[in-house]
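Chains X and F are the protein sequences, given in the same order. Heads up, the first sequence is in my numbering, so the first residue is 19 and it goes up one at a time. Heads up, the second sequence is in my numbering, so the first residue is 21 and it goes up one at a time. Ideal placement from N, C-alpha and C gives every residue a C-beta, glycine not left out. Quick caveat: nothing in here was measured; it's all calculated off a predicted structure.
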Amino acid sequence: MPNLNGTRTNKHTARYTHSVTEPRSPIPAIRDSETLLRRVPPSWYPDKSRPDRPSFDVFLPKRWVSEKERGDHNGLSVNREWFTTRTKVAIHPDTKKKQHVVQTSVSLLHGINLSVVEDYQDDDLSHALIPEINSLDYKNDKEKKKWIKYIARKIALDLCEMVYICPTNGD
Amino acid sequence: MTRLDSKPTDGSSTWRYRRAFDEPTNRNLLMIDTVSRSELKWNDLIKQLESWRDGIGADIEVDLAASRRALAYAQLLSSIDEQQIPSRVGPTINKGIAFEWENGDLVAHLEILDDYKAEYTQFDGSQLVGDAELEWNENEQTYSAIYS
Numbered sequence: 019m020p021n022l023n024g025t026r027t028n029k030h031t032a033r034y035t036h037s038v039t040e041p042r043s044p045i046p047a048i049r050d051s052e053t054l055l056r057r058v059p060p061s062w063y064p065d066k067s068r069p070d071r072p073s074f075d076v077f078l079p080k081r082w083v084s085e086k087e088r089g090d091h092n093g094l095s096v097n098r099e100w101f102t103t104r105t106k107v108a109i110h111p112d113t114k115k116k117q118h119v120v121q122t123s124v125s126l127l128h129g130i131n132l133s134v135v136e137d138y139q140d141d142d143l144s145h146a147l148i149p150e151i152n153s154l155d156y157k158n159d160k161e162k163k164k165w166i167k168y169i170a171r172k173i174a175l176d177l178c179e180m181v182y183i184c185p186t187n188g189d
Numbered sequence: 021m022t023r024l025d026s027k028p029t030d031g032s033s034t035w036r037y038r039r040a041f042d043e044p045t046n047r048n049l050l051m052i053d054t055v056s057r058s059e060l061k062w063n064d065l066i067k068q069l070e071s072w073r074d075g076i077g078a079d080i081e082v083d084l085a086a087s088r089r090a091l092a093y094a095q096l097l098s099s100i101d102e103q104q105i106p107s108r109v110g111p112t113i114n115k116g117i118a119f120e121w122e123n124g125d126l127v128a129h130l131e132i133l134d135d136y137k138a139e140y141t142q143f144d145g146s147q148l149v150g151d152a153e154l155e156w157n158e159n160e161q162t163y164s165a166i167y168s
């Protein structure tokens with residue numbers, strides 16, 4: 019196997035050469051045993067009747083507004099714990115404020131026929147997607163939208179747990 | 021509370037979303053337990069909505085039109101029946117504001133998206149039992165379903 023030189027033509031296409039300048043490890047494929055993390059805005063936790071659970075909102079895709087604002091059109095974002103930490107995930111990339119973090123697992127999601135695909139970014143190797151939970155289906159297909167809501171509630175109720183609770187002010 | 025039952029008001033496909041307490045049979049179904057939720061008062065909630073409208077204190081970005089509508093809606097609900105206080109109100113990832121009422125396994129969720137549009141969801145346990153896109157009807161001061 020030739021070595022990676024670290025120069026990428028795009029996110030998923032690495033250029034292979036024989037002159038090694040900066041070896042870079044490939045991202046391991048997602049395994050069933052992996053834990054996944056997702057940020058939870060403070061107002062979405064706790065679910066009043068289930069103090070260890072977040073609201074189902076946490077697992078809904080951000081909506082499609084327009085071609086410029088496509089929301090979670092590729093799928094719902096999650097982070098692979100292998101490549102990050104709970105406290106790092108807790109920090110919102112834009113506001114830099116801390117939020118709560120919930121965890122689930124690849125095997126649990128596979129158990130309800132969801133898939134998890136890697137979507138690593140240069141600044142975030144942990145980023146992955148749940149493609150079935152996407153804004154396009156939510157917008158265009160009423161039955162899929164209902165299914166997404168059902169799945170979001172199912173994950174929130176049965177398939178996740180809170181693993182990081184941020185301070186009240188989020189700082 | 022928002023209309024959380026769903027009977028058509030006429031022969032058309034437009035279903036009105038009235039308040040649950042308008043329907044005696046639903047009174048127990050979705051009444052809020054004010055004892056267990058006494059920590060959340062209308063005054064506090066309205067102050068919170070006012071601060072979000074003014075761009076203060078929201079943990080995620082809130083659309084101004086949605087925050088205004090949410091505030092007006094909360095004021096309307098509180099003036100009709102203060103017992104119908106939501107169990108949770110918060111900004112959503114879509115820059116809207118969600119109201120949520122719970123009673124046992126029943127959860128009613130109204131997400132106000134802007135000045136007119138909203139989305140309604142109701143669960144009984146893990147089962148989705150209500151799903152509708154809503155529009156604000158200024159004349160009737162209530163939401164009507166675009167589809168359900």
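Which residues in chain F have a C-beta closer than 9 Å to the C-beta of residue i? List them in chain order.
{"i": "X:Arg171", "result": "Val127, Thr141, Phe143, Gly145, Ser146, Gln147 and Leu148"}
{"i": "X:Leu154", "result": "By Cβ distance, chain F contributes nothing, its closest Cβ being about 15 Å from X:Leu154, past 9 Å."}
{"i": "X:Ser73", "result": "Arg108, Gly110, Ala118, Glu120, Val127 and His129"}
Does the separation of the CB atoms of residue i and residue j fall below 8 Å?
{"i": "F:Glu120", "j": "X:Ser61", "result": "no"}
{"i": "F:Ala122", "j": "F:Leu91", "result": "Checking the sequence shown, residue 122 of chain F turns out to be Glu, not Ala. Cβ atoms of F:Glu122 and F:Leu91: not closer than 8 Å."}
{"i": "X:Ile183", "j": "X:Pro79", "result": "no"}
{"i": "F:Arg128", "j": "F:Gln142", "result": "Inspection of the sequence shows that residue 128 of chain F is occupied by Ala rather than by Arg. Yes."}
{"i": "F:Gln104", "j": "F:Leu97", "result": "yes"}
{"i": "X:Gly93", "j": "X:Pro149", "result": "yes"}
{"i": "X:Ala174", "j": "X:Val96", "result": "no"}
{"i": "X:Arg57", "j": "X:Gln117", "result": "yes"}
{"i": "F:Trp72", "j": "F:Pro111", "result": "yes"}
{"i": "F:Arg89", "j": "F:Asp135", "result": "yes"}
Against residue i, what residues of chain X qualify as contacts under a CB-to-CB distance less than 9 Å, listed in chain order?
{"i": "F:Asp151", "result": "Lys160, Lys163, Lys164 and Lys167"}
So with CB distances below 8 Å, who are the chain F contacts of residue i?
{"i": "X:Gln117", "result": "Asp79"}
Alpha carbon to alpha carbon, what distance is there between residue j and residue i?
{"i": "X:Leu55", "j": "X:Val120", "result": "6 Å"}
{"i": "X:Lys106", "j": "X:Lys115", "result": "11 Å"}
{"i": "X:Val135", "j": "F:Glu139", "result": "29 Å"}
{"i": "F:Ser164", "j": "F:Asn157", "result": "7 Å"}
{"i": "X:Met180", "j": "X:Arg171", "result": "15 Å"}
{"i": "F:Ile80", "j": "F:Lys115", "result": "7 Å"}
{"i": "X:Ile169", "j": "F:Ser87", "result": "28 Å"}
{"i": "X:Phe77", "j": "F:Ala152", "result": "18 Å"}
{"i": "X:Gly129", "j": "F:Gln161", "result": "44 Å"}
{"i": "F:Arg47", "j": "X:Phe101", "result": "Residue placement at F:Arg47 cannot be trusted, given a pLDDT of 31 that sits under 50; what the coordinates show is reported in the next sentence. Spanning the two alpha carbons is a distance of roughly 50 Å."}
{"i": "F:Ile166", "j": "X:Val83", "result": "18 Å"}
{"i": "F:Asp144", "j": "X:Ile48", "result": "34 Å"}
{"i": "X:Ser153", "j": "X:Thr122", "result": "21 Å"}
{"i": "X:Ser133", "j": "F:Ala118", "result": "28 Å"}
{"i": "X:Lys157", "j": "X:Asp142", "result": "28 Å"}
{"i": "F:Ser32", "j": "F:Lys137", "result": "Unreliable positioning characterises F:Ser32 in this predicted model, as indicated by a pLDDT of 34, which lies under 50. The coordinate reading is nonetheless provided below. About 20 Å."}
{"i": "X:Glu52", "j": "X:Glu85", "result": "33 Å"}
For residue i, return the contacting residues in chain F, with the cut-off set at a CB-CB distance below 7 Å.
{"i": "X:Arg81", "result": "Asn114"}
{"i": "X:Leu175", "result": "Ser146"}
Short-range partners of chain X found in the region 63–78 of chain F, where Cβ spacing is below 9 Å: Taking 9 Å as the Cβ-Cβ cut-off, the region 63–78 of chain F approaches chain X at Ala78, given in chain order.
At a CB distance below 8 Å, what residues from the region 111–122 of chain F approach chain X? Give them in sequence order. Pro111, Thr112, Ile113, Asn114, Ala118, Glu120 and Glu122
Under 8 Å (Cβ pairs) to chain X, residues found in the region 82–108 of chain F: Ser107 and Arg108
Looking at chain F, which residues of the region 47–63 of chain X have a Cβ within less than 7 Å of any of its Cβ atoms? Hits within the stretch, in order: Pro59, Pro60, Ser61 and Trp62.
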